[in-house]
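Those protein sequences? They're chains A and B, same order as listed.
241 is the number of the first residue of the first sequence in our numbering; add one for each residue after it.
312 is the number of the first residue of the second sequence in our numbering; add one for each residue after it.
Everything below concerns the one structure shown next.
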Amino acid sequence: MKFGFALLVSTMLAVPIPVDARVIHSETSLYQNILVTQDGTLRCMQFTIRKDHRNQSCVDSTDSQRLVFAYTRMMLAALLLDPSPTRILIVGLGGGTLPTTLAQLYPDAHIDVIELDPAVVKVARAYFDFAPSANMRVFEQDARVWVKRAAAAPTRYDLIMLDAFNGEYIPEHLMTREYLLETRELLVDGGVLASNTFAISQLYHNESVTYAEVFGIYYNLRSSDSANRVIIARRGSLLDPDTLARAAIPLTISLAPYGVPIESYPAQFATKPDWDTNARVLTDQYSPANLLKGRH
Amino acid sequence: MRRTTINGLAFVGGFVIMSLELLGGRVLAPYFGSSIYVWGSIITVFMLSLAVGYLLGGFVSVHNPSIKRLSLLFLLGAILTYPLVIYGEPLMRLVFDRIEDPRYGSLVAAAALFVLPTLVLGMISPYCVRLMVTEPNYSGHVAGTLYFVSTLGSALGTLATSFYLVLWFEINTILILLSGCLVGVAGIGYLSGRHE
């Protein structure tokens with residue numbers, strides 16, 4: 241018992257919650273716990289008490305445009321492949337950082353956002369100043385169901401961003417080859433997909449081969465400081481380095497307020513597999529993503 | 312020996328029912344999501360099917376009960392489980408295209424896929440009780456042991472499926488294994504009851 245308590249205390253001490261981070265709102269939705277914390281000027285939406293970067297969406301009140309996390313900035317590297325998207329689909333709202341940023345960058349673009357949890361939409365509005373613009377629609381639905389229905393409609397997108405994995409639990413039906421094929425169907429020819437995915441554990445290998453099967457060669461963008469990896473794929477062949485470098489020039493200016501080092505990304509785009517190419521492809525028949533996440 | 316065989320059959324019945332129920336969530340997810348109402352649909356369908364199965368199982372156990380006939384229930388269960396592998400996808404597509412609301416969509420799809428096998432598997436327990444009860448004094452004892460064994464099977468079916476089977480096999484492979492398992496025990500039951 242005493243040992244158990246000591247263990248508990250030491251475990252708690254190992255968890256890096258800054259002392260001055262206050263929980264200013266917490267609620268339990270149908271799907272997850274939602275915590276809003278305030279740490280100095282930084283306000284974050286978290287889904288676990290652990291301060292795990294993958295599970296966060298933060299806004300800095302002194303510089304509300306600055307994208308706090310590397311993976312959010314990396315998602316915008318997709319713009320190198322299409323610097324002026326007119327129809328954008330975002331799966332997963334979080335604090336609303338990506339939709340808000342894209343709406344500011346492209347005020348005339350039509351943006352559709354899908355978020356499973358209505359409570360996340362409410363919290364984003366109340367605590368993160370998320371306000372859908374006139375040409376933004378927010379659907380509170382399961383992304384898989386939405387995408388399947390959208391395939392029957394004529395709307396296609398220039399840019400799709402997948403950022404649906406906020407909580408501890410991964411929705412396994414959003415990891416499969418079939419889901420990615422359905423999503424790919426929603427892209428125009430030459431359309432671009434950016435996906436925030438897992439960089440560690442066995443899941444990295446399975447996810448990598450699954451994307452490769454659906455999209456062929458893609459840009460793999462990893463950063464040393466996060467457990468995230470961003471996949472940037474295109475419906476059609478990838479672009480040559482010169483085109484990417486040219487696209488970076490105007491973006492450098494427009495993305496400067498957000499702190500996105502866009503000019504540095506082309507050099508980081510990796511196309512050579514650094515994963516086990518014999519890993520099993522995730523399918524609707526085989527998708528134990530949560531079990532694979534725990535394996536190393 | 313006879314008693315052990317019957318309890319063993321009930322154990323397998325319990326195992327298959329819960330394994331099937333858990334797979335139900337995975338089967339429906341690509342069309343209806345994996346929200347709480349999808350699980351609500353699945354559990355509702357399984358509970359209703361089992362309820363009717365218990366009623367029917369008790370009803371058919373009245374006349375000439377035998378292990379041989381019990382084995383036929385297992386065979387029937389297998390025959391009704393296997394088609395999920397082939398018809399599951401087109402059936403869900405059919406429902407998905409006609410019902411917009413994923414709550415009722417998942418309810419109708421779960422019913423279309425799982426009512427028949429679960430109903431037949433539900434018939435097993437009361438039928439087993441009938442086969443083992445010889446004296447009224449011990450009827451509760453017999454029923455208690457049987458519930459124990461079949462619920463233990465259910466627990467193991469849940470655990471095995473969610474912890475290991477989905478990590479090793481495709482869903483269709485597990486469905487085929489479950490059907491095979493039912494055919495296997497039907498054979499064992501039939502052989503052990505051939506002299507009755």
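The beta-carbon is built from N, C-alpha and C at its ideal position, and this holds for glycine as well.
It should be emphasised that the depicted structure is a prediction, and the values quoted were computed from it without experimental measurement.
{"query": "Verify the CB distance criterion: does I482 (chain B) have a CB-CB separation below 7 angstroms to chain A?", "result": "yes"}
{"query": "With burial defined as no fewer than 16 other Cβ atoms inside 10 Å of the residue's Cβ, what is the status of K512 (chain A): buried or exposed?", "result": "exposed"}
{"query": "Return helix, strand or coil for Q272 (chain A), following the three-state DSSP convention.", "result": "coil"}
{"query": "Are the Cβ atoms of E481 (chain B) and Q442 (chain A) separated by less than 7 angstroms?", "result": "no"}
{"query": "Of all the CB atoms in chain A, is at least one closer than 7 angstroms to the CB of L478 (chain B)?", "result": "yes"}
{"query": "Buried or exposed for D538 (chain A), going by 16 or more other Cβ atoms inside 10 Å?", "result": "Lying outside 241 to 536, the shown extent of chain A, residue 538 (chain A) is not represented and no answer is given."}
{"query": "Just checking: is the beta-carbon of P341 (chain B) within a distance shorter than 7 angstroms of some beta-carbon in chain A?", "result": "yes"}
{"query": "Under the DSSP definition of a beta bridge, which residues are partnered with Y397 (chain A)?", "result": "A:L427"}
{"query": "Given a limit of 8 angstroms on CB to CB distance, which residues of the segment 337–369 of chain B reach chain A?", "result": "R337, A340, P341, Y342, F343, G344, S345, S346, I347"}
{"query": "At least one CB of chain A closer than 7 angstroms to the CB of P401 (chain B): is that the case?", "result": "no"}
{"query": "Would a check of beta-carbon distances place P413 (chain B) closer than 7 angstroms to chain A?", "result": "yes"}
{"query": "Do you know whose CA, among A:L433, A:Q381, A:Q286, A:R384, lies nearest L555 (chain A)'s CA?", "result": "Residue coverage of chain A in this structure runs from 241 to 536, which leaves residue 555 (chain A) outside it and unanswerable."}
{"query": "Going along chain A in order, which residues have a C-beta closer than 9 angstroms to the C-beta of F407 (chain B)?", "result": "V385, K388, R389"}
{"query": "Just to confirm my understanding: we take S490 (chain B), look at its own chain, exclude 5 residues before and 5 after, and list those with CB closer than 6 angstroms. What are they?", "result": "A389, T392, Y393"}
{"query": "Which bits of chain B does E418 (chain A) rub up against, with CB to CB less than 9 angstroms?", "result": "P341"}
{"query": "Residues of chain B with CB under 9 angstroms from L270 (chain A), in chain order?", "result": "S346, I347"}
{"query": "So which residues on chain B does D516 (chain A) lean against when the C-beta distance must stay under 7 angstroms?", "result": "Neighbours of D516 (chain A) on chain B: none; closest Cβ ~16 angstroms, over 7 angstroms."}
{"query": "By the three-class DSSP mapping on this structure, what secondary structure does I482 (chain B) have?", "result": "helix"}
{"query": "Tell me whether I378 (chain B) sits in a helix, a strand or coil according to DSSP, three-state version.", "result": "helix"}
{"query": "Round the Cβ separation of L361 (chain B) and G433 (chain B) to the nearest angstrom and send it over; I've been treating them as touching at under 8 angstroms.", "result": "4 angstroms"}
{"query": "So what does DSSP say about E332 (chain B), is it helix, strand or coil?", "result": "helix"}
{"query": "H413 (chain A) CB to nearest chain B CB: under 7 angstroms?", "result": "yes"}
{"query": "Identify the contact partners of Q442 (chain A) in chain B, using a Cβ-Cβ distance below 8 angstroms as the criterion.", "result": "The contacting residues do not exist; Q442 (chain A) stays about 10 angstroms from chain B at best."}
{"query": "Of all the residues that make up the segment 506–530 of chain A, which are near chain B by a beta-carbon distance shorter than 8 angstroms?", "result": "T523, D524, Q525, Y526, S527, P528"}
{"query": "Is any beta-carbon of chain B found at less than 7 angstroms from that of D382 (chain A)?", "result": "yes"}
{"query": "Give the single residue among A:G431, A:P528, A:A529, A:M315 whose Cα lies nearest to the Cα of F509 (chain A).", "result": "A:M315"}
{"query": "Would you call the segment 313–321 of chain B and the segment 340–347 of chain B in contact, with 3 or more CB pairs under 8 angstroms?", "result": "no"}
{"query": "Quick test of the definition: if touching needs 3 or more C-beta pairs under 8 angstroms, does the segment 393–403 of chain A touch the segment 309–327 of chain A?", "result": "yes"}
{"query": "Assuming N468 (chain A) and N436 (chain A) form a contact by the criterion Cβ under 8 angstroms, report the distance between their Cβ atoms to the nearest whole angstrom.", "result": "6 angstroms"}
{"query": "Using 8 angstroms for Cβ pairs, my map puts V385 (chain A) next to P401 (chain B). What's the rounded Cβ distance?", "result": "About 18 angstroms; that fails the 8 angstroms criterion."}
{"query": "Would a C-beta distance cut-off of 7 angstroms place I354 (chain A) and A383 (chain A) closer than the cut-off?", "result": "yes"}
{"query": "If you pair each beta-carbon of the segment 354–373 of chain A with each one of the segment 324–334 of chain A, do three or more pairs fall below 8 angstroms?", "result": "yes"}
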